[in-house]
Amino acid sequence: MFDELLSMAQSQLGESLPKNPAVQGLNVNTQEVAGVTSNAILDSLMQQVQNGDMSGVQELLSGEETHANSPVVNGLAPTVVSQLSSKLNISPAIAQTIATIAIPIILNMLNGKVKSGDLGGLLGGLLGGGSNAGGGLLGSVLGGMMGGNNSTSTPSTQKNQQDPLGGLLGGLFK
1 MFDELLSMAQ
11 SQLGESLPKN
21 PAVQGLNVNT
31 QEVAGVTSNA
41 ILDSLMQQVQ
51 NGDMSGVQEL
61 LSGEETHANS
71 PVVNGLAPTV
81 VSQLSSKLNI
91 SPAIAQTIAT
101 IAIPIILNML
111 NGKVKSGDLG
121 GLLGGLLGGG
131 SNAGGGLLGS
141 VLGGMMGGNN
151 STSTPSTQKN
161 QQDPLGGLLG
171 GLFK
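For what it's worth, full-length UniProt numbering labels the leading residue of the sequence shown as 1, then goes sequentially.
Shown next as C-alpha cells:
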C-alpha cells in the first residue's frame, strides 16, 4: 500500500514540481522528493501523536482536501523542509517551496483513499499491515509509548515491541 501511494506521489509530483517557477530549471529527482517527503510526513505525524497532538492524523483520515496553507501542512513543513534540505542537499528556501507543493499532494492522496472508501489498504499501512510499511505509523507510535524503543532489544523483539497491535490489526485490513 505504501509503495503504491509513493508511486502515485512520484507521478503527481513529477507533473507539479516542474510547473512551479520557483523550482524550474532545478534538477530535482521527484522519486527522491516523494520518498523523503513521505517519510518526513510520517516521522512528523508520529512525533505529533507521541506529543498528544492528533490533528495531523485527524486531517489524514478526514477525507477532506488539504490546502497548502492549512495548519496541518504548516505543522508538518519544518520536518519535511529539514529532511529535504539535508538529504537532497538543497537550500532550505527550495525545500520549503517543494514542501509546500508536496505535502498537500501526499495528504490529499491519502484523503482520497479515505473519501473513496478504500480504508482497508490505508489503515493496514498505517497500522503495520503493509509489507513495506515499516511497522506502520500507529503501530510504531503505540510501540514507542509502550517502551518499544529499547536499544538493548534484538531486532526481532524490537519489531514486536514497536508494533504490538499494528501487525494484528493491520492484518485484518489486508
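Each residue gets a CB set at the ideal place from its N, CA and C atoms; glycine is no exception.
Note that the structure is a prediction, hence the values are computed from the model and not measured.
Exercise for the section: Could you name the residues of the same chain whose beta carbon sits closer than 6 Å to that of glutamine 48, not counting the 5 residues immediately before and after it, in chain order? Expected result: Gly56
Handout entry: Straight-line gap, glutamate 59 to methionine 46 (C-alpha atoms, nearest Å)
Key = 14 Å
Handout entry: Residue environment, glutamine 50, which counts as buried when at least 16 other CB atoms sit within 10 Å
Key = exposed
Practice task
Could you say which of Gln24, Val36, Ala68 and Glu15 lies nearest to valine 80 if we only look at CA atoms?
Solution key: Val36
Problem - Uninterrupted beta strand (DSSP E) stretches inside the region 29-56 (no shorter than 3 residues) - result: none
Problem - Where proline 21 falls: helix, strand or coil (DSSP) - result: coil
Handout entry: Neighbourhood of glutamine 10 by C-beta distance below 7 Å, restricted to the same chain and skipping five residues each side
Key = Thr30, Gln31 and Ala34
Problem - Own chain, CB closer than 7 Å to aspartate 43, minus 5 neighbours either side, in chain order - result: Thr79
Exercise for the section: Measuring alpha carbon to alpha carbon, tell me which of Val72, Pro92, His67 and Gln96 ends up nearest aspartate 53. Expected result: Val72
Practice task
Within its chain, find whatever has a CB closer than 6 Å to the CB of leucine 107; leave out the 5 residues flanking it on each side and keep chain order.
Solution key: Thr66
Practice task
Would you kindly work out how many angstroms separate the C-alpha atoms of glycine 25 and alanine 99, rounded to a whole number?
Solution key: 17 Å
Exercise for the section: For the alpha helix (DSSP H) containing isoleucine 105, list its first residue and its last residue. Expected result: 92-115
Problem - Segment limits, alpha helix (DSSP H) that includes leucine 84 - result: 71-88
Problem - Distance, serine 91 Cα to proline 104 Cα - result: 20 Å
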